[in-house]
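Below is one structure, written out as structure tokens; the observations come after it.
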Amino acid sequence: MILRRVFIAIGCVLLSPLSQANSSLGEVNIELRGNVVDFTCAVVAGDSNKSVNLGTWPTKQLHAAGDATQPVAFSLKLEGCPPGSASITFSGTPAPGTALLALADTAMAQKTGD
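This is the structure:
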């Protein structure tokens, strides 16, 4: 009988930490720190006022609205930004009724309708 009580007492002592395992650990505060960096890209000075020659095309090739010439490749050099992180948008006054940019008044198309 005494041996039985000893085993029960030892069992209770051994199992008591398990009964505490489900208790709350209390409040935990985590502080996160970091830096937000704005990479500012700039067009290289020599490319800031670029003129792109689009070539000379016969009027026969451009007789209907939406007709196009062959694409003309050009480049703009950027500095101060990581590779692959920049995008360029061209903006201006839209031409009426299209998704194209309007011509400047000093650059009006000539001989349209021939």
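The sequence shown maps to residues -21 to -1, 1 to 93 in mature numbering (1 follows the signal peptide of the UniProt record, and there is no 0).
All C-beta atoms in this analysis are idealised placements derived from N, C-alpha and C, irrespective of residue type, glycine included.
Nothing here was measured: the structure is a model prediction, and the numbers come from that model.
Worksheet item: When you compare only the Cα positions, how much space is there between G45 and D17?
Response: 39 Å
Worksheet item: DSSP three-state call for A21: helix, strand or coil?
Response: strand
Discussion item. I want to know whether the region 32 to 48 touches the region 67 to 74 - three or more CB-CB distances under 8 Å.
Written reply: no
Item to complete: Spatial neighbours of A81 within its chain, please: CB distance less than 8 Å, with the 5 preceding and 5 following residues excluded, ordered by chain position.
Response: G71, T72, P73, A74, P75
Item to complete: Give the straight-line distance between the Cα atoms of L79 and G63, rounded to the nearest whole angstrom.
Response: 26 Å
Item to complete: Pair every Cβ in the region 51 to 58 with every Cβ in the region 4 to 14, then say whether three or more of these pairs are closer than 8 Å.
Response: no
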